[in-house]
Amino acid sequence: MKLPVNSIKKFCKCNTDIEDIVNIVSTKIGAIEEVIELSVMYEGVYVTQIISKKEHPNADKLGIYQIALDKEENIQVVAGDKKLNVGDKVAYIKPGYIVPSTFNTLEPLKIKTLKVRGVLSNGMLCSERELNIGPDGDRVLVLDSEAPVGVSFADYYELNDIVIDIENKALTNRGDLFGIIGLAREISAAQGLPFSSPQWYTEDTLLYKTEKELLPLEVKNQSANLCPRYVCVSMRNVHVSNSPVWLKSLLIRAGIKPVNNIVDITNYLALLTGQPLHAFDYDKVVKRDPGSNGEANIVVRLAKDGEKIHTLDGDIIQLSSSNLVIADSTNPIALGGVIGGMDTQIDMNTKNIIIESACFDRYIIRKTSMEHGLFTEAVTRYTKGQSPELSLS
Numbered sequence: 001m002k003l004p005v006n007s008i009k010k011f012c013k014c015n016t017d018i019e020d021i022v023n024i025v026s027t028k029i030g031a032i033e034e035v036i037e038l039s040v041m042y043e044g045v046y047v048t049q050i051i052s053k054k055e056h057p058n059a060d061k062l063g064i065y066q067i068a069l070d071k072e073e074n075i076q077v078v079a080g081d082k083k084l085n086v087g088d089k090v091a092y093i094k095p096g097y098i099v100p101s102t103f104n105t106l107e108p109l110k111i112k113t114l115k116v117r118g119v120l121s122n123g124m125l126c127s128e129r130e131l132n133i134g135p136d137g138d139r140v141l142v143l144d145s146e147a148p149v150g151v152s153f154a155d156y157y158e159l160n161d162i163v164i165d166i167e168n169k170a171l172t173n174r175g176d177l178f179g180i181i182g183l184a185r186e187i188s189a190a191q192g193l194p195f196s197s198p199q200w201y202t203e204d205t206l207l208y209k210t211e212k213e214l215l216p217l218e219v220k221n222q223s224a225n226l227c228p229r230y231v232c233v234s235m236r237n238v239h240v241s242n243s244p245v246w247l248k249s250l251l252i253r254a255g256i257k258p259v260n261n262i263v264d265i266t267n268y269l270a271l272l273t274g275q276p277l278h279a280f281d282y283d284k285v286v287k288r289d290p291g292s293n294g295e296a297n298i299v300v301r302l303a304k305d306g307e308k309i310h311t312l313d314g315d316i317i318q319l320s321s322s323n324l325v326i327a328d329s330t331n332p333i334a335l336g337g338v339i340g341g342m343d344t345q346i347d348m349n350t351k352n353i354i355i356e357s358a359c360f361d362r363y364i365i366r367k368t369s370m371e372h373g374l375f376t377e378a379v380t381r382y383t384k385g386q387s388p389e390l391s392l393s
């Protein structure tokens with residue numbers, strides 16, 4: 001379990017001195033595998049704003065930008081992305097500093113002032129891949145419009161963090177400690193301080209309203225002994241996009257790969273609460289199901305020997321009758337509590353979704369995980385034991 005120390009500050013008023021936190025974690029919670037200081041990776045990276053742009057005279061695919069680092073200093077940078085606009089906020093690395101994504105490699109890349117096809121470039125504008133917060137390396141990352149010019153990129157996006165990597169084995173019977181809120185509660189208790197869970201986490205009032213034209217959804221739990229609670233909600237007209245930088249930043253600090261805003265928000269909530277969530281593409285569930293009749297069918301059941309599923313990691317695995325699956329009326333669409341299926345994954349064309357929150361028997365999850373060699377964030381949390389009540393929180 002990777003604990004970003006900055007995240008604890010949002011949920012408790014405890015002393016967040018790193019030595020004190022490390023001492024509490026190691027003596028009262030579990031063994032520490034590593035303490036990682038992220039800020040050194042982002043030295044020399046700043047928020048800047050583009051104030052002018054022009055074509056490169058000697059290269060069709062390059063753009064020349066003037067950027068503002070502060071009121072006194074404008075800087076010329078050549079970039080391989082010509083689609084940036086005047087006014088865009090971008091991350092800039094000063095000459096002499098290392099590209100974050102290469103920081104821990106054998107050959108870190110140090111930025112230099114140099115001529116690019118005959119034009120002077122004083123530094124570098126960064127993609128999300130170069131900032132180590134996402135996979136896109138083709139375009140310069142455009143930051144939030146509210147990001148203040150001249151501030152440290154790490155300070156603004158909380159990448160000036162220290163991450164404590166807690167050994168998972170030490171938390172075998174403490175599923176509540178696989179969420180930031182649970183860890184904040186534990187640290188507060190260790191310091192003798194009161195703790196209040198966030199209101200949205202504890203209140204019974206539903207903070208959403210249902211539409212008159214609901215997406216039809218039928219759920220059948222045929223294995224209640226192995227899945228004591230299974231909850232679904234359908235949502236329509238969602239917009240799938242890249243997540244904001246603050247969300248990518250938190251997920252990266254916690255060791256979770258950003259995917260898109262829908263998948264990332266489910267992982268974000270799991271990171272906060274310890275309760276895994278999964279999102280299905282509603283229309284894919286309906287389309288692939290021969291017995292759908294225009295509605296989505298979700299069935300919790302044991303697999304049939306020989307059934308197969310194409311998992312999100314790209315493998316096609318053959319199931320046994322001891323595996324718990326989430327299925328449509330005919331075929332599996334997810335390996336319950338372990339991994340989702342490729343055929344119903346969220347992508348950039350998704351418009352309607354189903355969100356799953358469930359409580360699965362820890363022993364069947366562990367058995368399925370070992371049988372197929374699948375070790376996911378969901379497996380880690382479910383095998384530590386989850387309360388059925390948490391599925392509704």
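In UniProt numbering, the protein residues as written are 1 to 393.
In this text, a Cβ means the ideal position worked out from N, Cα and C, and glycines have one as well.
When the Cα of residue i is compared with those of the options, which residue comes out closest?
i, options, result
"Gln386", "Ala254, Asn267, Arg229 and Gly134", "Arg229"
"Lys71", "Gly118, Val149, Thr105 and Ile93", "Val149"
"Ala154", "Lys94, Tyr92 and Ser39", "Ser39"
"Lys169", "Ser369, Ile29 and Ala224", "Ile29"
"Ser321", "Ala68, Thr27, Ile256 and Thr368", "Thr368"
"Ile162", "Val231, Thr380, Gly336 and Ile18", "Ile18"
"Asp60", "Tyr42, Glu73, Gly80 and Gly44", "Gly80"
"Gly340", "Lys384, Ser234 and Gly314", "Gly314"
"Met41", "Leu131, Ile21 and Glu73", "Leu131"
"Leu183", "Cys232, Met370 and Thr16", "Thr16"
"Leu84", "Thr48, Ile98 and Asn104", "Thr48"
"Leu392", "Leu269, Ile316, Val35 and Thr330", "Leu269"
"Asn58", "Tyr201, Val78, Glu73 and Glu307", "Val78"
"Gln199", "Leu69, Thr273, Asp347 and Gly373", "Thr273"
"Gln222", "Asn297, Arg139 and Val286", "Asn297"
"Glu218", "Asn237, Cys232 and Ala358", "Cys232"
"Ala224", "Val259, Asn260, Cys359 and Phe195", "Cys359"
"Glu203", "Pro4, Cys12 and Leu390", "Leu390"
"Arg381", "Gln66, Thr27, Phe178 and Ile64", "Phe178"
"Tyr156", "Val245, Ser234, Gly373 and Val119", "Val245"
"Gly373", "Met342, Pro388, Thr330 and Leu319", "Leu319"
"Tyr97", "Val119, Gly123 and Glu73", "Gly123"
"Val238", "Asp281, Tyr201 and Ser196", "Asp281"
Anyone know if the C-beta pair for residue i and residue j falls short of 8 Å?
i, j, result
"Ile326", "Ala279", "no"
"Leu312", "Gln345", "yes"
"Ile187", "Ile32", "no"
"Glu128", "Leu109", "no"
"Lys2", "Ala254", "yes"
"Val90", "Ile51", "no"
"Ile166", "Leu271", "no"
"Lys112", "Pro95", "yes"
"Asp264", "Leu277", "no"
"residue 441", "Asn352", "Given that the chain is displayed from residue 1 to residue 393, the structure contains no residue 441 and the question cannot be resolved."
"Val285", "Gly294", "no"
"Val35", "Ile164", "yes"
"Leu226", "Cys12", "no"
"Leu171", "Lys384", "yes"
Pull up the distance between the alpha-carbon of residue i and that of residue j, whole angstroms please.
i, j, result
"Ser121", "Ile8", "40 Å"
"Ala190", "Cys14", "9 Å"
"Glu146", "Ile262", "23 Å"
"Gly87", "Asp361", "52 Å"
"Asp136", "Asn242", "10 Å"
"Ile93", "Leu62", "18 Å"
"Ala378", "Leu125", "36 Å"
"Thr350", "Val240", "7 Å"
"Pro216", "Val338", "26 Å"
"Ile133", "Leu214", "36 Å"
"Ile333", "Glu356", "12 Å"
"Lys54", "Arg185", "53 Å"
"Asp176", "Lys220", "28 Å"
"Glu158", "Ile309", "39 Å"
"Gly291", "Ile365", "28 Å"
"Glu107", "Val116", "22 Å"
"Glu43", "Asp144", "20 Å"
"Leu69", "Ile75", "7 Å"
"Tyr46", "Ser152", "5 Å"
"Asn6", "Asn160", "9 Å"
"Gln66", "Asp138", "20 Å"
"Glu371", "Ile317", "10 Å"
"Lys257", "Asp305", "33 Å"
"Ile64", "Glu73", "17 Å"
Bridge partners for residue i per DSSP, in chain order?
i, result
"Phe280", "Ile354"
"Asp165", "Lys2 and Glu34"
"Tyr92", "Tyr46 and Leu125"
"Ile309", "Ile317"
"Thr113", "Asn122"
"Cys359", "Arg229"
"Gly63", "Glu55 and Ala79"
"Ser369", "Answer is none; Ser369 lacks a bridge partner."
Just to check, is the beta-carbon of residue i closer than 7 Å to a non-hydrogen atom of the ligand NAP?
i, result
"Glu33", "Judged by which ligands are present, the structure shown has none, so any question about the ligand NAP falls away."
(request) Indicate whether the contact test is met: 3 or more Cβ pairs, each with one atom in the segment 326 to 336 and one in the segment 293 to 307, closer than 8 Å. (result) yes
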